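Residues in the sequence shown are numbered consecutively from 5, following the working numbering. A short worksheet on the structure shown next.
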Amino acid sequence: MATTFPFGYGTTRLTLDQLVGQRTVARLNPEFRRRLLALMVEAARQGISLGIGTGWRIQPNPPPPGFASPGNSNHESFPAGSNTATAVAADMVPSTAWTWMDRNALRFGLRTFKKLGVSSPDYTGVAEAWHIQPSDIPYARSWRKDPWSLRTFPLPGAPAPAPAPNPVPPASQETVVIQFKGRVLRPDANAQTGYDVVVLQGLLNTLFAAGLKVDGSYGLVTIARVQDAQRKLSETPDGVVGPVTWTRLLNG
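Structure, rendered in structure tokens:
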């Protein structure tokens with residue numbers, strides 16, 4: 005019998021194929037949707053029921069309390085008002101799964117708004133434990149019009165079952181063709197930054213409870229946590245993240 009997942013805010017449960025046929029899911033960025041479904045599959049494997057309340061949506065105008073203004077929400081397509089599969093946010097259900105989701109999101113290239121408080125570098129607002137979006141984009145949309153082109157994130161374990169074909173044609177600007185391969189990171193005087201470091205920090209937090217801020221900067225704190233991990237892996241603790249260290253981290 006096929007596994008089913010919560011959908012919406014009632015008692016509806018759908019299979020993965022049924023989920024991706026829903027407009028609010030079909031209009032999510034394909035790579036974001038891939039990560040999200042994989043997270044849900046892993047939750048189900050661990051006995052946690054996790055599903056999608058709302059993904060893509062058109063923002064109400066005027067917005068009620070707690071809603072971003074039209075054109076400023078990652079739940080909307082890019083540009084806002086269009087129906088392309090480019091939205092990069094979802095509100096997840098039920099509330100009993102939110103703590104598990106927050107603890108496991110980074111392994112799947114995602115992050116929640118559970119711990120934001122009232123202020124983060126590019127986001128001002130209340131914490132939203134139900135909200136999830138890619139870890140490699142800013143918290144806030146900031147009126148962005150161009151769709152994100154997300155890289156293929158290395159998911160842990162087996163991939164989610166292939167969903168049904170996308171019923172909504174993706175935006176022409178959007179292609180996901182780059183397979184992740186971490187570049188060599190060195191503890192140089194000038195901190196290296198970028199997506200590779202985002203992935204690295206997420207892996208260190210997941211595998212070694214490093215407690216790092218996932219900011220994409222290979223600075224002193226991240227280097228120290230890398231050296232700690234290398235000691236645990238019986239590697240030379242030189243802070244250089246080369247092919248051997250990348251392989252061991254990516255394989256868990």
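The beta-carbon is built from N, C-alpha and C at its ideal position, and this holds for glycine as well. Computed from a predicted model, the values in this text were never measured in an experiment.
Handout entry: Contact check, residue 12 vs residue 32, beta carbons under 7 Å
Key = Here the question's residue 12 lines up with position 8 in the sequence shown. Here the question's residue 32 lines up with position 28 in the sequence shown. Against a cut-off of 7 Å, the Cβ pair of residue 32 and residue 12 comes out as no contact.
Problem - Minimum C-alpha distance to residue 149 - residue among 62, 106 and 82 - result: For the purposes of this step, residue 149 is taken as the residue at position 145 of the sequence shown. Cα-wise, what sits closest to residue 149 is 82.
Exercise for the section: Have a look at residue 92 and residue 79 and give me their C-alpha separation to the nearest angstrom. Expected result: As a first step, residue 92 is located in the sequence shown; it is residue number 88 there, counting from the start. As a first step, residue 79 is located in the sequence shown; it is residue number 75 there, counting from the start. Across the structure, residue 92 and residue 79 are spaced so that their CA atoms are roughly 6 Å apart.
Problem - Boundaries (first-last residue) of the beta strand (DSSP E) holding residue 137 - result: To locate residue 137, count along the sequence shown from 1; it is residue 133. Counting along the chain, the beta strand (DSSP E) containing residue 137 begins and ends at 132 to 138.
Exercise for the section: Could you confirm whether any beta carbon from chain D is found closer than 7 Å to the beta carbon of residue 243? Expected result: Note that chain D does not occur in the displayed structure, where there is just one protein chain.
Exercise for the section: Whole angstroms is fine: what's the gap from residue 102's alpha carbon to residue 72's? Expected result: Walking along the sequence shown from the start, residue 102 turns up at place 98. Walking along the sequence shown from the start, residue 72 turns up at place 68. The C-alpha of residue 72 is placed about 22 Å away from the C-alpha of residue 102.
Exercise for the section: Tell me whether residue 154 sits in a helix, a strand or coil according to DSSP, three-state version. Expected result: As a first step, residue 154 must be located in the sequence shown, where it is residue number 150. In the structure shown, residue 154 sits in coil (DSSP, three-state: anything other than H, G, I, E or B).
Problem - Cutoff 7 Å; reference residue 119; Cβ partners in own chain excluding five residues on either side - result: For the purposes of this step, residue 119 is taken as residue 115 along the sequence shown, with counting starting at 1. The answer, listed in chain order, is 131.
Problem - Contacting residues, own chain, Cβ-Cβ under 6 Å from residue 115 (five flanking each side not counted) - result: To locate residue 115, count along the sequence shown from 1; it is residue 111. 109 and 139, listed in sequence order.
Practice task
Please report the residue range of the alpha helix (DSSP H) in which residue 115 lies.
Solution key: One-based indexing of the sequence shown puts residue 115 at position 111. Annotation for residue 115: no alpha helix (DSSP H) segment contains it, though the beta strand (DSSP E) segment containing it runs 114 to 117.
Problem - residue 3 - DSSP class collapsed to helix/strand/coil - result: Outside the modelled stretch of the chain, which goes from 5 to 256, sits residue 3, for which no answer is possible.
Practice task
Using the DSSP secondary-structure output, state which residues sit across from residue 196 in a beta bridge.
Solution key: If you number the sequence shown from 1, residue 196 lands on position 192. BP columns for residue 196 point to 222.
Handout entry: Contacting residues, own chain, Cβ-Cβ under 7 Å from residue 190 (five flanking each side not counted)
Key = Taking the first residue of the sequence shown as 1, we reach residue 190 at position 186. Once the five neighbours on either side are set aside, the close Cβ partners of residue 190 are 244.
Practice task
Under the assumption that residue 147 contacts residue 75 (Cβ atoms under 8 Å), give the Cβ distance between them as a whole number of angstroms.
Solution key: The count along the sequence shown starts at 1 and reaches residue 147 at position 143. The count along the sequence shown starts at 1 and reaches residue 75 at position 71. With a Cβ gap of about 6 Å, residue 147 and residue 75 count as contacting.
Exercise for the section: Helix, strand or coil for residue 96, going by three-state DSSP, please let me know. Expected result: What you label residue 96 is simply residue 92 of the sequence shown in a count that begins at 1. Note: residue 96 maps to strand in three-state DSSP.
Exercise for the section: Could you please give the first and the last residue of the uninterrupted alpha helix (DSSP H) stretch that includes residue 103? Expected result: If you number the sequence shown from 1, residue 103 lands on position 99. Element bounds for residue 103: 102 to 108.
Problem - Length of the line joining the Cα atoms of residue 10 and residue 53 - result: For the purposes of this step, residue 10 is taken as the residue at position 6 of the sequence shown. For the purposes of this step, residue 53 is taken as the residue at position 49 of the sequence shown. Cα to Cα, the separation comes out at about 7 Å.
Problem - C-beta contact flag for residue 57 and residue 95 at 7 Å - result: Translated into positions along the sequence shown, residue 57 becomes position 53. Translated into positions along the sequence shown, residue 95 becomes position 91. Contact: yes.
Problem - Nearest-angstrom Cβ-Cβ length linking residue 30 and residue 84, presumed shorter than 8 Å - result: Position 26 of the sequence shown, counting from 1, holds the residue named residue 30. Position 80 of the sequence shown, counting from 1, holds the residue named residue 84. With 8 Å as the limit, residue 30 and residue 84 do not qualify as a contact, their Cβ atoms being about 18 Å apart.
Exercise for the section: For residue 24, name the three-state secondary structure that DSSP assigns. Expected result: As a working mapping, residue 24 is identified with position 20 in the sequence shown. The answer is coil: DSSP assigns residue 24 none of H, G, I, E or B.
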